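A.B. asks: This is the structure I have questions about; it appears just below.
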Amino acid sequence: MSDIKQLSRAIRFALLAGATLAVAPAFSQTAGPAEASAEEPQRLDVIQVTGTRIVSPGIVASSPITEVTAEELQIKQVVAIEDFLRELPALVPAIGPGTNNGSGGGATIDLRGLGANRTLVLVNGRRLVPFDLAGVVDTNAIPVSLIERVEIISGGASAVYGADAVSGVVNFILKRDFEGAEIAAQWGQSAEKDGDRQRIDVTIGGNFAEGRGNAVISVGHTETQEVLQGSRSFGLSSLSSVNGLPQGSGTGVPVTALGGLGGLCPDGAFRTTCNNAFNFNPLNLFQTPLNRLQATGLASFVINDDHEAYAEIMYVRSDVFTQLAPSGTFFNNYRVPVGNPFLPALARQQLCAIAGVAAADCVVGNPTEATVALGRRFTELGPRLNSFENKLFQGTVGMKGYVFENWRYDAYYSFGEADQVQSRVNWGSNSRVQQALRALSTTACTNTANGCVPLNLFGPEGSITPAMLRFINLDTLLQQTVTQDVLGGSLVGDLGDAVMSPWATFPINVAVGAEHRTVSAGTKSDASSQIQAEVLGTGAPTPDRRGGFELTEGYFELIAPIINDAAWAYSLSFEGGFRRSTFETAGNSTSYNTHKFGGEWTPIEGLRFRALQQRATRAPNVGELFNPQTTGLSNLAVDPCAGATPTAPRDLCLATGVPAAVFGSLSQPSAGQVNVLTGGNPNLRPEIADTRTIGIVWTPSFIENLAVTLDHYDIEVTGAVSSPSVNDILTGCYTNRNAADCALIGRNPLNGTFSGAESRGISLVSSNLGVIQTDGIDLGVSYLWDLGDFGRLDFGLNATRVNDWFFQATPTSINRDCNGYYSVSCGVLHDFKANFRTTWVYSDFSVSANVRHLGGITEEPGGQVFLPAFASIGSMNYLDLGASWQASEQIRLNLSIANVTDRQPPVVGNTIAGTGVNSGNTFPQYYDTIGRFYTFGATVKF
4 MSDIKQLSRA IRFALLAGAT LAVAPAFSQT AGPAEASAEE PQRLDVIQVT
54 GTRIVSPGIV ASSPITEVTA EELQIKQVVA IEDFLRELPA LVPAIGPGTN
104 NGSGGGATID LRGLGANRTL VLVNGRRLVP FDLAGVVDTN AIPVSLIERV
154 EIISGGASAV YGADAVSGVV NFILKRDFEG AEIAAQWGQS AEKDGDRQRI
204 DVTIGGNFAE GRGNAVISVG HTETQEVLQG SRSFGLSSLS SVNGLPQGSG
254 TGVPVTALGG LGGLCPDGAF RTTCNNAFNF NPLNLFQTPL NRLQATGLAS
304 FVINDDHEAY AEIMYVRSDV FTQLAPSGTF FNNYRVPVGN PFLPALARQQ
354 LCAIAGVAAA DCVVGNPTEA TVALGRRFTE LGPRLNSFEN KLFQGTVGMK
404 GYVFENWRYD AYYSFGEADQ VQSRVNWGSN SRVQQALRAL STTACTNTAN
454 GCVPLNLFGP EGSITPAMLR FINLDTLLQQ TVTQDVLGGS LVGDLGDAVM
504 SPWATFPINV AVGAEHRTVS AGTKSDASSQ IQAEVLGTGA PTPDRRGGFE
554 LTEGYFELIA PIINDAAWAY SLSFEGGFRR STFETAGNST SYNTHKFGGE
604 WTPIEGLRFR ALQQRATRAP NVGELFNPQT TGLSNLAVDP CAGATPTAPR
654 DLCLATGVPA AVFGSLSQPS AGQVNVLTGG NPNLRPEIAD TRTIGIVWTP
704 SFIENLAVTL DHYDIEVTGA VSSPSVNDIL TGCYTNRNAA DCALIGRNPL
754 NGTFSGAESR GISLVSSNLG VIQTDGIDLG VSYLWDLGDF GRLDFGLNAT
804 RVNDWFFQAT PTSINRDCNG YYSVSCGVLH DFKANFRTTW VYSDFSVSAN
854 VRHLGGITEE PGGQVFLPAF ASIGSMNYLD LGASWQASEQ IRLNLSIANV
904 TDRQPPVVGN TIAGTGVNSG NTFPQYYDTI GRFYTFGATV KF
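Rendered as structure tokens:
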């Protein structure tokens with residue numbers, strides 16, 4: 004959507020919100036004389052029980068909760084909320100600033116490692132519009148300066164918050180009733196004097212209409228600078244995970260040819276002994292640049308003692324930039340005239356032999372063509388640049404209050420739109436390379452259309468001139484739009500004394516509600532992007548696509564106290580919930596149920612047991628349903644049909660596309676990457692997840708200010724929307740001789756590899772055949788030690804121990820135990836993570852130390868054998884320090900140092916996991932690649 008259209012929509016929504024608040028005083032004037040009072044108007048604040056829609060001062064929910072406060076965020080001094088959340092033990096890092104190759108331009112949250120699409124993200128208990136077709140929320144849109152707290156409800160919360168909350172909910176609660184003005188600014192830099200991060204926020208708020216209304220406006224700007232992989236010693240050279248040696252990409256300078264030819268040697272002949280590998284690491288990024296402008300407006304108006312109107316408007320523009328090594332031909336097959344004037348004499352003779360041209364005719368000007376797969380890097384063109392321009396608008400208007408005594412309502416309408424424009428610069432045109440290679444002189448192509456300039460692909464670096472580059476270069480544009488309309492309402496209250504338990508002090512509390520959600524999403528791309536293999540380095544076309552769905556849900560929830568204040572039953576209550584959902588796409592409608600039941604038992608004051616059984620049913624998102632099936636890239640260190648002594652049977656290799664002539668000399672995957680076919684499936688059904696949690700909360704009276712929580716969780720997803728891994732398919736075919744898996748292998752028929760436009764790749768299309776199971780234990784400890792005149796010490800420990808994490812994509816796939824392992828198939832899954840924070844508070848000063856612990860992990864057993872030094876990673880501890888000084892009522896100063904000891908990340912090479920996870924010889928989203936980092940901040944209030 005254009006800036007003008009989006010601005011117009013924002014203005015219209017602002018007018019609607021203003022009208023809602025403007026009408027409110029008129030309603031308030033209808034109140035009777037008895038309602039008039041000279042007292043300050045009171046907000047309709049109530050006690051909200053976290054983890055449930057129930058609102059009651061005497062009710063305790065059974066869901067395991069982790070809460071992050073604004074004070075913790077201030078100590079950490081994050082520029083984006085994802086920077087903090089990905090360090091929490093229950094979360095697995097997803098796409099973020101450390102994701103370069105594979106970034107979608109956002110930052111996402113993944114609870115329990117089940118995928119960001121199975122984690123429900125809310126703002127003030129309401130949905131935020133997704134930023135992509137996968138239905139995932141970009142947390143870059145969350146205004147950090149307005150966050151009051153973050154509630155993380157792990158272990159499923161579908162019956163309460165939405166049927167798609169499979170692994171849990173992350174709910175961002177924003178500040179309200181803000182008065183005054185505040186300017187907060189921070190700036191940070193690494194010890195290497197790079198990777199600058201800065202943020203400035205201005206927040207202004209105040210009351211109006213004699214205190215009945217409050218409005219808050221916050222505007223902020225965030226900027227982070229790039230960190231190149233070449234700027235760190237461990238990322239300077241691309242290493243093979245198999246042998247630890249520098250490997251690079253076969254697409255280098257000079258050119259390399261497949262089919263037994265090899266690299267172009269200094270004497271002008273192709274030989275397999277000439278290795279022209281290209282080191283692509285230095286120009287890739289460890290930290291992707293971000294430039295974000297955010298504006299948020301919140302307003303509320305108390306109409307009378309029973310009703311309050313509210314409105315929220317959010318606008319965010321974020322620009323994320325990624326960078327890859329220069330483009331090239333990447334072993335696409337080209338028809339090259341043997342008389343091309345740029346061919347060295349010896350190389351010309353080799354092509355003549357391929358084309359069957361006699362030696363006497365093997366001269367410049369001969370138009371006979373030889374077909375050969377060429378890999379030449381366009382270093383003269385510079386790096387490939389990707390920019391993601393994200394714009395998000397969301398507006399909400401609503402009313403809340405009381406309709407009867409003890410019955411509270413909340414009704415709202417929300418509209419959101421997320422637009423993304425992806426610009427790709429310096430990628431190159433495959434068709435123009437082919438056109439420019441068909442030249443019989445140095446000055447003219449055989450086809451002169453479009454001002455063709457003959458291309459010298461066979462010379463050293465610098466042989467491709469600026470004129471040649473201008474002809475073959477190609478920049479592309481991709482657009483994406485997601486819109487979401489949500490109409491929701493809830494009614495919460497108690498059933499009164501008539502139906503309460505005779506042994507209970509509190510009545511049964513219930514919540515009922517309904518929500519209708521409409522999501523529409525689509526992408527558009529330019530003409531070049533829609534042609535197979537036209538954009539060099541992409542392989543697949545990106546055709547326009549569009550889809551959407553409507554989801555109508557109704558839910559019921561209750562918490563029923565059974566016993567209060569009895570011997571061995573200080574409290575005992577039952578908790579239950581039910582949600583009915585109807586999911587509709589064009590020509591298809593599915594209804595399904597979600598439920599929960601459980602309870603809590605407090606035998607004595609200070610000791611509480613809790614347990615819940617929950618069922619979640621997640622409908623497939625727009626991308627899973629409607630994404631076209633296209634060819635992309637994945638990592639594979641070793642092709643079982645490649646090398647001098649292939650490990651796969653010869654008959655299967657030939658049956659799956661390896662030419663007999665190259666069996667025994669087939670090249671291993673260039674740069675450890677292979678083509679894969681991925682895409683959506685319109686026949687997908689909702690997946691089902693069963694979650695069980697049981698835990699204990701201990702707050703002993705004999706140890707004041709101590710709280711301990713211990714919870715066990717068990718999640719099983721059946722009918723999971725999933726796709727097999729590359730190794731699943733290869734093992735199924737070459738080891739298990741499964742014909743169905745062999746049919747999913749699409750090699751290049753000319754050379755047997757998984758590269759080039761002629762290879763569709765290994766098919767990894769989504770299905771409902773997957774099963775995921777995980778269970779573990781969460782521990783939380785907090786303790787406040789009063790030191791009297793010397794202040795106080797606050798201790799906080801959060802730890803997660805994962806017992807199991809199994810994944811099986813299809814019934815014939817390997818049932819992988821990924822817990823504590825890393826690989827292409829598993830990604831990275833730590834079996835133990837913990838954070839321990841100690842804060843000393845004295846008068847206006849505070850000093851905090853936080854230790855982040857990552858347990859040791861090893862390579863997934865039974866797969867490719869890697870270099871022993873890369874086969875395991877020991878446990879890792881990071882120390883972060885923070886200090887704060889409240890210099891006056893108006894001024895607060897902060898200093899923080901992350902990774903104080905400057906711990907370096909583990910080195911495992913570049914081919915041990917997928918490209919989005921394994922980059923720069925390590926795992927940038929999991930381990931600190933930036934090093935020691937200093938941040939200074941100041942907050943001034945007026």
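Residues 4 to 945, numbered by the numbering used here, are exactly what the sequence shown covers, in order.
Glycine included, each C-beta is placed from N, C-alpha and C at the ideal position.
None of the values given here were measured: they were computed from a predicted structure.
Among Ser816, Ile775 and Thr841, which one has its Cα closest to the Cα of asparagine 822?
C.D. replies: Stepping through the sequence shown from its first residue, residue 822 is reached at position 819. The option with the nearest alpha carbon to asparagine 822 is Ile775.
A.B. asks: Quick check on this structure: which residue in Ile765, Thr712, Val665 and Leu477 has the alpha carbon closest to the alpha carbon of asparagine 1?
C.D. replies: Examination of residue 1 is not possible in this model, given that the chain is present from 4 through 945 alone.
A.B. asks: Could you name the residues that DSSP lists as bridge partners for valine 729?
C.D. replies: Residue numbering aside, residue 729 sits at position 726 when the sequence shown is read from its first letter. None; valine 729 has no bridge partner.
A.B. asks: By alpha-carbon positions, which one of Cys455, Ser769, Arg320 and Thr299 ends up nearest to alanine 470?
C.D. replies: The sequence position of residue 470 within the sequence shown is 467, counting from 1. When only C-alpha atoms are compared, the closest one is Cys455.
A.B. asks: Thinking just about the alpha-carbon of each residue, which of Arg549, Ala674, Arg688 and Pro689 is nearest to the one in asparagine 630?
C.D. replies: Here residue 630 refers to the residue found at position 627 when the sequence shown is read from its first residue. The residue with the shortest Cα to Cα distance from asparagine 630 is Arg549.
A.B. asks: Distance, Cα to Cα, glycine 255 vs asparagine 279?
C.D. replies: As a working mapping, residue 255 is identified with position 252 in the sequence shown. As a working mapping, residue 279 is identified with position 276 in the sequence shown. C-alpha separation (whole angstroms): 6 Å.
A.B. asks: Are the Cβ atoms of phenylalanine 552 and valine 489 separated by less than 8 Å?
C.D. replies: Locating residue 552 in the sequence shown gives position 549, where the first residue counts as 1. Locating residue 489 in the sequence shown gives position 486, where the first residue counts as 1. No, the pair does not count as a contact, with Cβ atoms beyond the cut-off.
A.B. asks: Which residue or residues does DSSP assign as beta-bridge partners of histidine 310?
C.D. replies: As a working mapping, residue 310 is identified with position 307 in the sequence shown. Its beta-bridge partners are Asn307 and Gly404.
A.B. asks: What's the C-alpha gap between arginine 618 and proline 133?
C.D. replies: One-based indexing of the sequence shown puts residue 618 at position 615. One-based indexing of the sequence shown puts residue 133 at position 130. The straight-line gap separating the alpha-carbon atoms of arginine 618 and proline 133 is approximately 24 Å.
A.B. asks: Can you name, in chain order, every residue of its own chain whose Cβ lies under 8 Å from the Cβ of asparagine 902, other than the five neighbours on each side?
C.D. replies: Taking the sequence shown and counting its residues from 1, one reaches residue 902 at position 899. Excluding residues within five positions, the ones whose Cβ falls inside 8 Å are Tyr881, Leu882, Asp883, Asp931, Ile933, Gly934, Arg935 and Phe936.
A.B. asks: Out of curiosity, what's the CA-to-CA distance linking tryptophan 1 and isoleucine 607?
C.D. replies: It is not possible to answer for residue 1, since the shown part of the chain is limited to 4 through 945.
A.B. asks: Determine contact between the segment 446 to 461 and the segment 480 to 500, defined as no fewer than three beta-carbon pairs at a distance below 8 Å.
C.D. replies: no
A.B. asks: In whole angstroms, what separates the C-alpha of phenylalanine 381 from that of leucine 327?
C.D. replies: As a first step, residue 381 is located in the sequence shown; it is residue number 378 there, counting from the start. As a first step, residue 327 is located in the sequence shown; it is residue number 324 there, counting from the start. Between phenylalanine 381 and leucine 327, the C-alpha separation is close to 12 Å.
A.B. asks: What residue does the beta strand (DSSP E) around leucine 615 start on, and which one ends it?
C.D. replies: Here the question's residue 615 lines up with position 612 in the sequence shown. In this chain, the beta strand (DSSP E) harbouring leucine 615 covers 610 to 621.
A.B. asks: Which class does threonine 371 belong to by DSSP, given the choice of helix, strand or coil?
C.D. replies: Sequence index remark: in the sequence shown, residue 371 carries index 368 (1-based). Correct three-state label for threonine 371: coil.
A.B. asks: Measure the alpha-carbon distance for threonine 588 versus glycine 431 and round it to whole angstroms.
C.D. replies: Translated into positions along the sequence shown, residue 588 becomes position 585. Translated into positions along the sequence shown, residue 431 becomes position 428. Going by the C-alpha atoms only, they are around 38 Å apart.
A.B. asks: Touching or not, the segment 311 to 328 and the segment 698 to 711, by the rule of three or more beta carbon pairs under 8 Å?
C.D. replies: no
A.B. asks: What are the start and end residues of the beta strand (DSSP E) that includes glycine 626?
C.D. replies: To locate residue 626, count along the sequence shown from 1; it is residue 623. Taken as a continuous stretch (DSSP letters only), glycine 626 belongs to no beta strand (DSSP E), being part of the alpha helix (DSSP H) at 625 to 629.
A.B. asks: Let me know if proline 927 comes out buried or exposed under the rule of 16 or more other beta-carbons within 10 Å of its beta-carbon.
C.D. replies: On the sequence shown, position 924 is the one that residue 927 refers to. Label assigned to proline 927: buried.
A.B. asks: Identify the continuous beta strand (DSSP E) that holds valine 139 and give its terminal residues.
C.D. replies: The sequence position of residue 139 within the sequence shown is 136, counting from 1. Looking at the DSSP string, valine 139 is not in any beta strand (DSSP E), and its letter there is neither H nor E.
A.B. asks: Taking DSSP as the reference, what is the three-state secondary structure of isoleucine 156?
C.D. replies: The residue you call residue 156 lines up with position 153 of the sequence shown. Residue state, collapsed to three classes: strand.
A.B. asks: Can you grab the Cα-Cα spacing for the pair leucine 636 / glycine 105, in whole Å?
C.D. replies: Residue mapping note: residue 636 aligns to position 633 of the sequence shown, counting from 1. Residue mapping note: residue 105 aligns to position 102 of the sequence shown, counting from 1. Cα to Cα, the separation comes out at about 10 Å.
A.B. asks: Using only the alpha-carbon positions, how far apart do leucine 443 and valine 245 sit?
C.D. replies: The residue you call residue 443 lines up with position 440 of the sequence shown. The residue you call residue 245 lines up with position 242 of the sequence shown. Taking the straight line joining both Cα atoms gives about 43 Å.
A.B. asks: Which of helix, strand or coil does DSSP assign to serine 240?
C.D. replies: By one-based count along the sequence shown, residue 240 stands at place 237. Coil, per DSSP.
A.B. asks: Are there 16 or more other CB atoms within 10 angstroms of the CB of glycine 99, so buried, or fewer, so exposed?
C.D. replies: As a first step, residue 99 is located in the sequence shown; it is residue number 96 there, counting from the start. With 16 or more other CB atoms across the displayed protein chains lying within 10 angstroms of its CB, glycine 99 is buried.
A.B. asks: Whole angstroms are fine: how far does the CA of arginine 611 sit from the CA of asparagine 708?
C.D. replies: Counting from 1 along the sequence shown, the entry for residue 708 is found at position 705. Counting from 1 along the sequence shown, the entry for residue 611 is found at position 608. Taking the straight line joining both Cα atoms gives about 16 Å.
A.B. asks: Does glycine 76 pass the burial test, meaning 16 or more other C-beta atoms within 10 Å, or should it be called exposed?
C.D. replies: Your numbering for residue 76 matches position 73 in the sequence shown. At residue 76 the sequence reads leucine, which differs from the glycine that was named. Burial call: buried.
A.B. asks: Taking the straight line between their C-alpha atoms, what separation do you get for tryptophan 284 and aspartate 834?
C.D. replies: Position 281 of the sequence shown, counted from the first residue, corresponds to residue 284. Position 831 of the sequence shown, counted from the first residue, corresponds to residue 834. The sequence given here has asparagine at residue 284, not tryptophan. Between asparagine 284 and aspartate 834, the C-alpha separation is close to 29 Å.
A.B. asks: Hey, glycine 675 and glutamine 232: beta-carbon distance below 8 Å or not?
C.D. replies: Stepping through the sequence shown from its first residue, residue 675 is reached at position 672. Stepping through the sequence shown from its first residue, residue 232 is reached at position 229. Their beta carbons are not under 8 Å apart, which means glycine 675 does not touch glutamine 232 by this criterion.
A.B. asks: Report buried or exposed for phenylalanine 793, applying the criterion of at least 16 other Cβ atoms within 10 angstroms of its Cβ.
C.D. replies: In the sequence shown, residue 793 corresponds to position 790, counting from 1. Looking at its Cβ environment, which holds fewer than 16 other Cβ atoms inside 10 Å, phenylalanine 793 is exposed.
A.B. asks: Runs of 4 residues minimum, wholly inside the segment 69 to 144: which ones carry the alpha helix (DSSP H) assignment?
C.D. replies: Complete alpha helix (DSSP H) runs here, min 4: 73 to 79 and 84 to 88.
A.B. asks: Which word fits tryptophan 410, buried or exposed, when buried means at least 16 other C-beta atoms lie within 10 angstroms of its C-beta?
C.D. replies: By one-based count along the sequence shown, residue 410 stands at place 407. Burial call: exposed.
A.B. asks: Which one of Pro685, Asp529, Phe666 and Asn567 has the shortest CA to CA distance from glycine 590?
C.D. replies: By 1-based counting over the sequence shown, the position of residue 590 is 587. When only C-alpha atoms are compared, the closest one is Pro685.
A.B. asks: DSSP puts glutamate 420 in a beta bridge; with which residues?
C.D. replies: The sequence position of residue 420 within the sequence shown is 417, counting from 1. Glutamate 420 pairs with Phe396 and Thr486.
A.B. asks: Grouping DSSP H, G and I as helix and E and B as strand, with all else coil, what is asparagine 453?
C.D. replies: Taking the sequence shown and counting its residues from 1, the one referred to as residue 453 is at position 450. Asparagine 453 falls in the helix class under three-state DSSP.
A.B. asks: Where DSSP assigns a beta bridge to glycine 794, which residues make up the other side?
C.D. replies: Along the sequence shown, one-based indexing puts residue 794 at 791. Answer is none; glycine 794 lacks a bridge partner.
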